[in-house]
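Remarks on the structure that follows.
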Amino acid sequence: MLLAIQQKEPNRDDFTQRSLSNLPKPETLFDIEIGYKKDNHKNLNYSCNGYFMYYFNQLINTGKLNDVGAAIRENVPKSYRLGLELNANYAFNSYLKLNGNLNISKNIIKNYNSIVYDWSTNEIISQDLKNTNIAYSPNVVGNIDLIYNAITTHKHLLNFSLIGKFVGKQYLDNTSNKYSELPAYYYLNAQINYEIKNTFCPSLKISLLVNNITNNKYSSNGWIYRFRSAGETLSPSNDPYLSVEGNNFYNQTGLFPQANINFLSKLTIAF
């Protein structure tokens, strides 16, 4: 069991992006964790860990970027992360091994003041939200990999592995608005590693990695800026970042799409 209290000061960017009347505050974390671990149980190792992290003045991403593309953060009075971490690995035999981990969590801001600028009137539109999701915090993240050691001699090592990852739905800002939703995604990679050892070369490693072998189309990150404009009708045909929400509300959203199937090779020589 773990009980911990931690305080962290804002970084330099948090200060430079604020006015003197609205300087950032240090964040305070109260962390409670309890876990269980079991090793070498019939070729199975596993562990589980539950945690409750309660924050005062947590510094969180807003979903907006500054003029050089860095994330803008702000304080929220009270927030928490409640979750369960599961880890396990199983050896079928001396050649085949399966590893996996899963994190299930709830990441909530208790009270959040969302601000949207009205471009027509230069006014600020404020909305109070309760129990809204923390940005960039998926409720489910899982990893799994299967490793097959085909050759394990003193001079030769050859293994194959399949690596999969799943990331659940998350939001680009702290409003839990459907327009800021980043859909869940998954990918599967394959890797081959071969190593030769001899007197002339202590180690020569050749690796081939095939990323996203299922050729999924997904984005792993992004940003969003929401605003209101009643003075004119804006159209996505004139701005690829623009989306229409309705009632004169719009947003500009940028996503970071990941590559389709791609290949990477590596050669490592040790002397």
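Each residue of the sequence shown is one higher than the last, beginning at 1328 in our numbering. For every residue, glycine included, the Cβ atom is placed at its ideal position computed from N, Cα and C. A quick note: this is a predicted structure, and the numbers were derived from the prediction, not measured.
Item, Value
"Integer Cβ distance of residue 1500 from residue 1442, believed to fall under 8 Å", "At roughly 11 Å, the Cβ-Cβ gap does not stay under 8 Å, so residue 1500 and residue 1442 are not in contact."
"Unbroken beta strand (DSSP E) run spanning residue 1487, endpoints", "1483-1494"
"Residue 1564 versus residue 1570: straight-line alpha-carbon distance, rounded", "10 Å"
"Under 9 Å between C-beta atoms of residue 1458 and residue 1436", "yes"
"CA-to-CA distance, residue 1485 to residue 1476, given in whole angstroms", "6 Å"
"Three-state class that DSSP yields for residue 1426 in the structure shown", "strand"
"Assigned exposure category for residue 1526 - 16 Cβ within 10 Å defines buried", "exposed"
"Residue from 1591, 1557 and 1508 whose Cα sits closest to the Cα of residue 1582", "1508"
"Exposure label - residue 1464; buried when at least 16 CB within 10 Å", "buried"
"Where residue 1341 sits in the DSSP three-state scheme", "helix"
"Test item: CB-CB of residue 1540 and residue 1483 under 9 Å", "no"
"Paired residues, beta bridge with residue 1378 - DSSP", "1360 and 1410"
"Through-space distance from residue 1373 to residue 1518, alpha-carbon basis", "25 Å"
"Cross-strand partners of residue 1472 (DSSP beta bridge)", "1426 and 1490"
"Cβ pair residue 1419, residue 1425 closer than 9 Å", "yes"
"Check whether residue 1455 and residue 1439 have beta carbons under 9 Å apart", "yes"
"DSSP three-state assignment for residue 1600, whether helix, strand or coil", "Since the first residue of the chain shown is 1328 and the last is 1598, residue 1600 is not available in this structure."
"Element boundaries [beta strand (DSSP E), containing residue 1583]", "1576-1584"
"Where the beta strand (DSSP E) containing residue 1570 begins and where it ends", "1569-1573"
"Cutoff 6 Å; reference residue 1429; Cβ partners in own chain excluding five residues on either side", "1413 and 1469"
"Residue 1491 versus residue 1516: straight-line alpha-carbon distance, rounded", "6 Å"
"Residue 1531 versus 1377, 1472, 1595 and 1334, residue with shortest Cα-Cα distance", "1595"
"Residue 1512 - partner residues in DSSP beta bridges", "1494"
"6 Å Cβ shell around residue 1529 - same chain, five flanking residues per side excluded", "1597"
"Given residue 1371 as reference, the closest of 1433, 1427, 1330 and 1553 once Cα atoms are compared", "1427"
"C-beta contact flag for residue 1354 and residue 1331 at 9 Å", "no"
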